[in-house]
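Numbering (my numbering), first residue to last: 1 to 302. No residue lacks a Cβ here, since even glycine has one placed at the ideal position from N, Cα and C. Note that this is a predicted model, so its numbers are computed, not measured. Notes follow the structure.
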Amino acid sequence: MIIKTIDICKSFGEKVALDHLSLDIPDGKIFGLLGPNGAGKTTLIRIINRITIPNSGQVLFKDKPITQEDVMRIGYLPEERGLYRKMKVGDQAMYFARLKGMSRGDAMDALKDWFVRFGIESWWNKKVEELSKGMAQKVQFITTVVHKPSLMILDEPFSGFDPVNAEVIRQEILRLKDEGASIILSTHNMESVEELCDSIALVNNSKLVVTGATDQIRRSYGDSRVELVYTADAALESVPGVFTVDSDIIEAGVHTAMLRLDKTANEALAAILGTGVAVRSFRELIPRMNDIFIRLVTGEGR
Numbered sequence: 001m002i003i004k005t006i007d008i009c010k011s012f013g014e015k016v017a018l019d020h021l022s023l024d025i026p027d028g029k030i031f032g033l034l035g036p037n038g039a040g041k042t043t044l045i046r047i048i049n050r051i052t053i054p055n056s057g058q059v060l061f062k063d064k065p066i067t068q069e070d071v072m073r074i075g076y077l078p079e080e081r082g083l084y085r086k087m088k089v090g091d092q093a094m095y096f097a098r099l100k101g102m103s104r105g106d107a108m109d110a111l112k113d114w115f116v117r118f119g120i121e122s123w124w125n126k127k128v129e130e131l132s133k134g135m136a137q138k139v140q141f142i143t144t145v146v147h148k149p150s151l152m153i154l155d156e157p158f159s160g161f162d163p164v165n166a167e168v169i170r171q172e173i174l175r176l177k178d179e180g181a182s183i184i185l186s187t188h189n190m191e192s193v194e195e196l197c198d199s200i201a202l203v204n205n206s207k208l209v210v211t212g213a214t215d216q217i218r219r220s221y222g223d224s225r226v227e228l229v230y231t232a233d234a235a236l237e238s239v240p241g242v243f244t245v246d247s248d249i250i251e252a253g254v255h256t257a258m259l260r261l262d263k264t265a266n267e268a269l270a271a272i273l274g275t276g277v278a279v280r281s282f283r284e285l286i287p288r289m290n291d292i293f294i295r296l297v298t299g300e301g302r
């Protein structure tokens, strides 16, 4: 684990921000930190970065108590952007790279590579106030990752981007993961969570609600339903104890049926094939992360 939080508690006066929160964040993976506004995500991120100190509990970085030196190996993109509007883009990028311990020569080489990668070489001498929100976001992303941190914490990294540039950032995040970086992704974009995150944690009302591998969580909150597309002389009937046909729509001789399973998908498919129908497709209806998020946050449960 690159980060392990143990019974983290944090209060601001009467407000409990984190209540005995324990998380394991794996090394070399993309970890989604999810939750509604006010759930405690930003407080946890600030504690990991040692911006805020917990009332109790501990943060471990690679199995040792986190230190300020470890924080130098973290790249943090906050949701509240922090560029100096009157400064030139190049000077500002260099300043942040030097703050993370890079030499001027190494910083210049790395920044040039990133500016070319993003096609923004002409921005070097522009002031930040001349940039659009999306343009400034590109610069801040670069300043977050330029020192090749072991851990990157990205809070709403797609905010302000059009779909084309959001895809550019998604591909860069995947590339950085492939190069060995560990990434904490905090976002409300559930489509990005499904696409990018190997595992997730959902925090609500200061407490951990669920954590685990993204695919496993999606499957565990499913309701054992499948879509069956088939052709047959007669409509498929339910097989007690194996599956129930909830609906069956026929169009141009092709049936599309929704089934609720009482046994495994393989056992149900074997029973279906045994009826003599010609199966065209058979797929599990796995819930989307967006639906799971809403169910858990609103208290509807599994």
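Taking 8 Å as the threshold (C-beta atoms), are residue j and residue i in contact?
i	j	result
Ala257	Leu236	yes
Val145	Leu111	no
Lys29	Gly35	no
Ala268	Leu259	yes
Asn37	Met190	no
Phe31	Ser150	no
Leu60	Val139	no
Ile153	Ile8	no
Pro54	Lys15	no
Leu261	Ser220	no
Trp124	Gly90	yes
Ser182	Phe158	no
His255	Asp248	yes
Arg81	Gln171	no
Hey, is residue i close to the ligand HEM, as in C-beta under 7 Å from one of its heavy atoms?
i	result
Val203	Summarising the ligand content, the structure contains no ligands, and the ligand HEM is consequently not present.
If residue i sits next to residue j, beta carbons under 8 Å apart, how far is it from one beta carbon to the other, in whole angstroms?
i	j	result
Ser186	Glu156	7 Å
Leu196	Ile169	With a Cβ gap of about 10 Å, Leu196 and Ile169 do not count as contacting.
Glu179	Gly222	Going by Cβ atoms, the distance from Glu179 to Gly222 rounds to 34 Å, so no, they are not a contact pair.
Ile184	Leu33	6 Å
Run through DSSP, which three-state label would residue i get?
i	result
Thr308	Summary: the structure shown does not reach residue 308, with the chain confined to residues 1 through 302, and so no result is reported for it.
Leu83	coil
Arg50	coil
Asp19	strand
Pro149	coil
Gly134	helix
Asp233	coil
Ser159	coil
Phe243	strand
Lys100	coil
Ala257	strand
Lys41	helix
Tyr76	strand
Arg117	helix
Ser11	strand
Lys177	helix
Lys62	coil
Asp198	coil
Whose CA, out of the options, lies closest to the CA of residue i?
i	options	result
Leu296	Ser199, Ala270, Leu261 and Arg218	Arg218
Ile286	Ile184, Ile169, Thr214 and Leu174	Thr214
Phe243	Thr143, Lys263 and Ile249	Lys263
Lys4	Phe12, Leu23 and Gly276	Leu23
Met304	Leu202, Lys86 and Arg73	Lying outside 1 to 302, the shown extent of the chain, residue 304 is not represented and no answer is given.
Leu202	Val226, Thr298, Lys86 and Gln171	Thr298
Trp114	Ala93, Gly160 and Asp248	Ala93
Ile25	Ile6, Gly13 and Thr43	Ile6
Arg62	Val116, Ile294 and Ile2	In the sequence on display, residue 62 carries Lys and not Arg. Comparing Cα positions, the closest option is Ile2.
Glu194	Asp70, Ser56, Arg288 and Gln137	Arg288
Gly105	Gly57, His147, Met135 and Asn205	His147
Thr43	Gly253, Asn204 and Thr275	Asn204
Gly276	Val71, Ala39, Asp109 and Ala234	Ala234
Gln216	Ile292, His188 and Met135	Ile292
Lys88	Ser56, His188, Ile250 and Ser122	Ser122
Val226	Arg117, Ile272 and Ile250	Ile272
Ala39	Gly274, Asp70, Ile250 and His188	His188
Phe118	Leu21, Met135, Arg85 and Val71	Met135
- Message: I'd like to know if the stretch 61-72 and the stretch 40-50 are in contact, where contact means that at least 3 CB-CB pairs between them fall below 8 Å.
- Response: Using a Cβ-Cβ distance cut-off of 8 Å, the stretch 61-72 and the stretch 40-50 are in contact, since at least three pairs of beta carbons, one from each stretch, lie closer than that value.
- Are at least three pairs of beta-carbons, each pair with one atom in the stretch 158-174 and one in the stretch 123-131, less than 8 Å apart? The stretch 158-174 makes no contact with the stretch 123-131; the number of CB pairs closer than 8 Å stays below 3.
- Pair every Cβ in the stretch 194-211 with every Cβ in the stretch 237-250, then say whether three or more of these pairs are closer than 8 Å. They do not touch, by the three-pair rule.
- When the Cβ atoms of the stretch 214-234 are set against those of the stretch 278-288, are three or more pairs found closer than 8 Å? Pairwise C-beta distances place the stretch 214-234 in contact with the stretch 278-288, as three or more of them are shorter than 8 Å.
- At least three beta-carbon pairs within less than 8 Å, the stretch 77-84 to the stretch 98-117: Contact check between the stretch 77-84 and the stretch 98-117: fewer than three CB pairs, one atom from each, fall below 8 Å, which does not count as touching.
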